[in-house]
Structure formats: structure tokens, C-alpha cells
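Contents: one structure, followed by commentary.
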Amino acid sequence: LRAPWAHAVELNMSSPDAPAPFAPKPLLPRTGIGMDVHAYAPDSGPRPLWLGGLHWEGERGLAGHSDGDPVAHAAADALFSASGLGDLGTHFGTDRPEFAGASGITLLAEAARIVRNEGFQIGNIAVQFVANRPKFGPRRRNRRRS
Numbered sequence: 003l004r005a006p007w008a009h010a011v012e013l014n015m016s017s018p019d020a021p022a023p024f025a026p027k028p029l030l031p032r033t034g035i036g037m038d039v040h041a042y043a044p045d046s047g048p049r050p051l052w053l054g055g056l057h058w059e060g061e062r063g064l065a066g067h068s069d070g071d072p073v074a075h076a077a078a079d080a081l082f083s084a085s086g087l088g089d090l091g092t093h094f095g096t097d098r099p100e101f102a103g104a105s106g107i108t109l110l111a112e113a114a115r116i117v118r119n120e121g122f123q124i125g126n127i128a129v130q131f132v133a134n135r136p137k138f139g140p141r142r143r144n145r146r147r148s
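Counting from 3, one number per residue, gives the positions in the sequence shown under the working numbering.
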């Protein structure tokens with residue numbers, strides 16, 4: 003049976019103009035918060051300092067399972083937070099010997115790959131680094147180029 007007022011209508015159900023139950027819901031951006039903290043490496047085992055993938059010659063390095071780069075690690079942690087895929091330790095923790103000594107930039111690239119493979123798009127990452135030294139200002143241009 004057919005109602006007398008029924009007639010064939012072609013609707014693009016993915017169109018924003020589609021009727022309410024079929025209209026796609028707007029995708030809201032997801033925001034993640036990441037953080038990372040490292041102690042200074044002991045004087046008995048000095049390490050290089052890495053921040054944001056940049057080596058800081060002459061500065062005391064940070065202890066850690068990987069290279070101890072808190073800027074790169076916080077960015078990766080924020081990606082995992084926004085996507086709901088755990089945190090830095092979930093993916094690159096001390097129980098994963100293959101990441102011992104790994105570059106923070108390598109971990110960040112792998113975090114981005116994992117997040118993208120789950121269907122997410124990365125729009126922006128901001129990291130706030132708080133310390134008296136080293137001074138980031140003079141090297142900011144170097145970071146943007148790399």
C-alpha cells in the first residue's frame with residue numbers, strides 16, 4: 003500500500019540540507035592536553051639536551067627512557083589525549099625496549115601516524131615549555147624550518 007500523497011523523492015542523505023534524522027552531525031574539533039616532565043640526568047651520566055627536536059649544545063640533558071625531549075613528548079601525548087588513544091606511556095613506555103633512547107621527534111611522528119591511522123586529522127599542536135633556560139627565542143626560527 004502506498005499513501006496517496008507519497009511520491010518518489012531522491013534525497014542525498016549526506017547533504018547538509020537532508021532531513022534532520024539523516025543530516026550529518028557537524029564534526030567538532032577535538033582538543034587534547036599533553037604534558038611531560040623529566041628530571042635532569044645525573045652528573046655521573048651526562049646526556050645531551052633535546053627540546054622540540056633541537057639539540058642544545060652545552061646544556062645539561064634530561065633523564066628518560068628515550069631522549070628525554072619533553073616538548074616532543076608533550077606534543078605526542080596531546081595527540082593521544084585528543085584521539086582517546088591512551089597516552090605516551092601506553093604506546094612508548096619503559097616496558098617497550100625498542101624505544102629506549104628514541105628521538106622525541108621519532109616518537110611524535112609515530113604518534114601522528116597512529117592517530118591518523120585511526121581516522122583523525124591533525125589540525126594544530128601547541129606546546130608551552132616553562133623553564134629559565136635554555137632560551138627558545140633565538141632558536142625559534144630553526145624549529146620552524148625543521
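The C-beta atom is built at its ideal place from N, Cα and C for all residues, glycine as well.
- Any idea if F131 is buried or exposed, counting beta-carbon neighbours within 10 angstroms, 16 or more meaning buried? exposed
- Message: Between which residues of its own chain and G63 is the CB-CB distance below 8 Å, once the five residues before and five after are set aside?
- Response: Y42, A43, P48, R49, P50, L51, W52 and G70
- Mind reading off the beta-carbon distance from G54 to V73? Whole number of angstroms is fine, and I expect it under 8 Å. 4 Å
- Message: Given this structure, state the Cα-to-Cα distance separating R115 from P140, to the nearest angstrom.
- Response: 30 Å
- Query: What do you get for S149, buried or exposed, if any count of 16 or more other CB atoms within 10 angstroms of its CB means buried?
  - Reply: Lying before the first or after the last residue shown, residue 149 is absent from the chain, which here runs from 3 to 148.
- So what does H67 bridge to, in DSSP terms? The partner list for H67 (beta bridge, DSSP) is empty, contrary to what the question assumes.
- Kindly indicate the opening and closing residues of the beta strand (DSSP E) around L56. L56 to W58
- Three-state secondary structure (DSSP) at L53? strand
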